[in-house]
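Read the structure below first, then the notes.
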Amino acid sequence: MGRILAGLALLGAAAAGLWVRAGVAPAPIRFAYRPLPFTLENAETPRRYAPETMAGGVAAFDYDNDGNLDLYFANGADMLSLRKNHPKFRNRLLRGDGKGGFTDVTERAGVAGSGYDTGVAVGDYDNDGCQDIFLGGVHRNTLYHNNCDGTFRDVTERAGLARPDNHAAPLWSVGAAWLDGNNDGRLDLFVVNYLLWDAASEPLCEYGGKPEYCHPRYYKGSPNSLYLNNGDGTFTDVSSKSGIGKHIGKGMGVGVADYDRDGLPDVFVANDTVFNFLFHNRGGGAFEETAFYAGVALPEHGNFISGMGVDFRDIDNDGWPDIVYVALDNETFPLFHNTGKGFKEITFASGVTQASRRMGGYSPGIFDFDNDGWKDLFVSRGHVQSPNMRGRLPIEQPNSVFRNLGDGKYEPVAEAGFSTRPPLRHRGSAFGDFNHDGRVDVVVTALGAEAELWINESPGGNHWLDLKLEGTASNRAGIGATIQVVTRSGAQYNHVTTAVGYASSSAGPVHFGLGKDEMADRIDIRWPSGKTQQMKNVKAGQVLKVKEP
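For the sequence shown, the numbering used here gives the first residue as 11, with consecutive numbering after it.
The structure is reproduced here in structure tokens:
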């Protein structure tokens with residue numbers, strides 16, 4: 011009877027989206043829930059317009075340079091007018107107090123938004139030391155310049171970002187990434203565009219005699235956009251000239267990393283039920299689409315999947331950035347290992363195939379949550395369909411974290427704390443240390459629900475080190491800089507990027523868990539300018555500020 015009960019328990023865990031090994035205690039990663047004063051109003055209607063189910067971007071960044079991470083939430087709007095004609099549809103800027111508490115400062119800051127916004131990306135595009143905000147939305151994008159006095163101003167028109175030049179139809183952006191594509195010290199902007207959508211031509215799809223969100227095959231795709239920073243507060247649309255605009259997709263997530271270590275940032279785009287894109291930076295403002303050649307156009311089973319959010323960074327401490335993106339139930343969460351000569355999918359070998367088979371994911375993040383020196387994987391979870399599909403699909407789901415065991419395997423954490431809250435249709439996620447305890451916390455949005463702050467309370471007493479870079483010849487935020495940290499236990503690698511997850515952005519310091527090591531023996535930084543910098547014998551337990559020499 012004991013064996014039967016144990017077997018039933020194992021099957022029950024698998025059915026719930028967890029895969030646990032008999033006799034193995036839950037991994038030491040735990041989070042505690044705190045409410046946030048923001049509700050994602052996606053303006054869901056009985057008609058089921060496509061943008062309603064894709065809302066939910068969030069950014070974590072220090073907008074006022076007080077040393078505490080703040081939060082910015084993209085919100086919906088009236089679906090038919092696409093305008094924020096009611097106070098509940100405002101975007102929200104929440105000022106952090108460094109203890110996990112937040113105050114709404116939206117009105118004073120002037121960042122309430124004026125359309126149906128989906129994604130948010132933060133970056134200091136004018137190198138004044140203050141983080142600016144880009145919003146991707148339905149038929150309208152917005153750029154807010156940070157005035158460095160607690161307020162922002164809308165500079166979209168002046169910056170040249172109001173109307174993309176590379177397509178006649180109005181585009182719907184679900185997010186963006188800041189990168190210095192030509193290493194000239196100024197941040198450029200890569201905008202991820204999704205479907206060609208118009209309320210007047212919305213197809214009618216039904217389930218059980220009721221309207222339901224349609225499959226992406228009912229819509230045409232769109233090209234992505236690339237804007238070159240002119241250095242005077244304006245941008246030039248170089249989508250066609252660069253080669254980016256030649257490729258039609260249905261972009262949902264974007265990650266940036268120098269995957270071949272040639273000193274130039276490359277871009278991976280997860281597409282929804284079409285081939286993914288990997289834009290290799292050839293220099294001189296030119297990009298080449300190489301997803302098939304590199305092995306990341308499709309998962310190894312060869313089927314199109316619902317590619318959602320992305321993270322693009324080294325997961326196995328070999329110095330080569332890897333790729334993870336997430337999808338819906340029965341599609342798994344593909345994990346691609348960078349071999350230095352291309353990518354090899356390791357989803358099955360890592361254990362992620364079995365663990366994620368019954369899960370629907372939106373926003374992944376690769377961070378070391380238990381500070382053991384190995385980056386773990388968080389995924390915000392939920393389904394794209396409406397509550398009308400309950401009973402047929404797992405519409406509402408709890409979030410999940412997968413612990414990196416350090417041997418190429420990932421293990422879902424059964425008791426991470428997420429089950430203490432009701433399952434929801436989660437969307438965007440942002441990451442950072444919101445209470446200055448050296449552990450990476452998580453913020454998650456959910457359709458029609460309060461945002462969730464998950465404070466990291468993982469035990470273990472492991473050490474950590476954060477690096478906050480300031481470029482001089484390079485862009486001031488240091489985006490694109492690569493970092494190697496060497497301790498007695500070995501080497502780790504990461505790079506500066508604010509692009510992570512679905513429609514979201516995280517601009518905190520670069521985090522390293524050091525395990526039991528109390529010191530970094532050596533830190534090596536390669537700046538986007540090509541300059542290199544080395545520091546030795548750096549104590550753990552601090553946010554180390556590093557200025558480019």
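The beta carbon of each residue, even a glycine, is placed where N, CA and C say it ideally should be.
Query	Result
Extent of the continuous beta strand (DSSP E) to which PHE353 belongs	353-355
Environment of ASN563 [buried if 16+ CB atoms lie within 10 Å]	For the chain, the structure presents residues 11 to 559; residue 563 sits outside this window and is missing.
N-terminal and C-terminal residue of the beta strand (DSSP E) that THR128 is part of	127-133
C-beta contact flag for VAL453 and VAL115 at 8 Å	no
SER249, enclosing alpha helix (DSSP H) - first and last residue	249-252
Backbone CA spacing between PRO559 and ARG271 [nearest angstrom]	21 Å
Residue ranges of each alpha helix (DSSP H) within the stretch 317-399, 4 or longer	362-366
Beta-carbon proximity of SER316 to VAL264, cut-off 8 Å	no
PHE278 burial status per 10 Å Cβ neighbour count (16 or more: buried)	buried
Euclidean distance between Cα positions of VAL148 and ALA60	10 Å
Beta-carbon contacts of GLY33 that lie in its chain and below 8 Å, excluding the five residues immediately before and after	Model confidence at GLY33 stands at a pLDDT of 43, short of 50, so the residue's coordinates are unreliable and nothing is read from them.
Alpha helix (DSSP H) segment containing GLU117, residue limits	116-119
Reduced DSSP secondary structure (H/G/I, E/B, other) of ARG227	helix
Supposed close pair SER232, ILE254 - CB separation, criterion 8 Å	Wrong, their Cβ atoms sit about 12 Å apart, outside the cutoff.
Residues near LYS230 in its chain [Cβ-Cβ closer than 6 Å; skip 5 each side]	LEU206
Cβ-Cβ distance between ASP386 and ARG413 below 8 Å	yes
Of the residues GLY383, GLY438, GLY361, the one placed nearest GLY392, counting alpha carbons only	GLY438
Own chain, CB closer than 6 Å to LEU463, minus 5 neighbours either side, in chain order	ARG44, LEU46, VAL453
Rounded C-alpha distance that separates LEU238 from TRP384	35 Å
Selection from ASN137, ASN52, VAL284 that minimises the alpha carbon distance to GLY312	VAL284
Ordered list of beta strand (DSSP E) runs contained in the stretch 386-469, each at least 3 residues	386-391, 410-414, 420-422, 436-442, 451-456, 460-466
THR342 vs VAL362 beta-carbon contact at 8 Å	yes
SER516 versus ALA487, ARG402, ARG150, residue with shortest Cα-Cα distance	ALA487
Endpoints, the alpha helix (DSSP H) within which ARG8 is located	Past the edges of the chain, shown from 11 to 559, lies residue 8, and the structure says nothing about it.
Local Cβ density within 10 Å of THR55, reported as buried at 16 or more and exposed below that	exposed
HIS505 versus PRO213 - alpha carbon distance	42 Å
Contact check, LEU475 vs GLN552, beta carbons under 8 Å	yes
CA-to-CA distance, TYR303 to ASP190, given in whole angstroms	24 Å
Reduced DSSP category for PHE314 - H, G, I as helix; E, B as strand; rest coil	coil
Own chain residues within Cβ distance below 6 Å of LEU28, not counting five before or after	With a pLDDT of 37 at LEU28, under the threshold of 50, the modelled position of that residue is not reliable, and the figure given next carries that caveat. So the list reads PRO422, ALA424, once near-sequence residues are dropped.
Proximity below 8 Å, CB of GLY133 to CB of THR455	no
Distance CB(SER183)-CB(GLY129) smaller than 8 Å	yes
Ranges of the beta strand (DSSP E) found wholly within the stretch 26-114, counting only runs of at least 3	41-49, 68-71, 80-83, 102-106, 112-114
Chain-order list of residues whose beta-carbon lies under 8 Å from that of GLY218 (same chain, five-residue window excluded)	ASN398
Range of the contiguous alpha helix (DSSP H) that encloses ALA301	301-304
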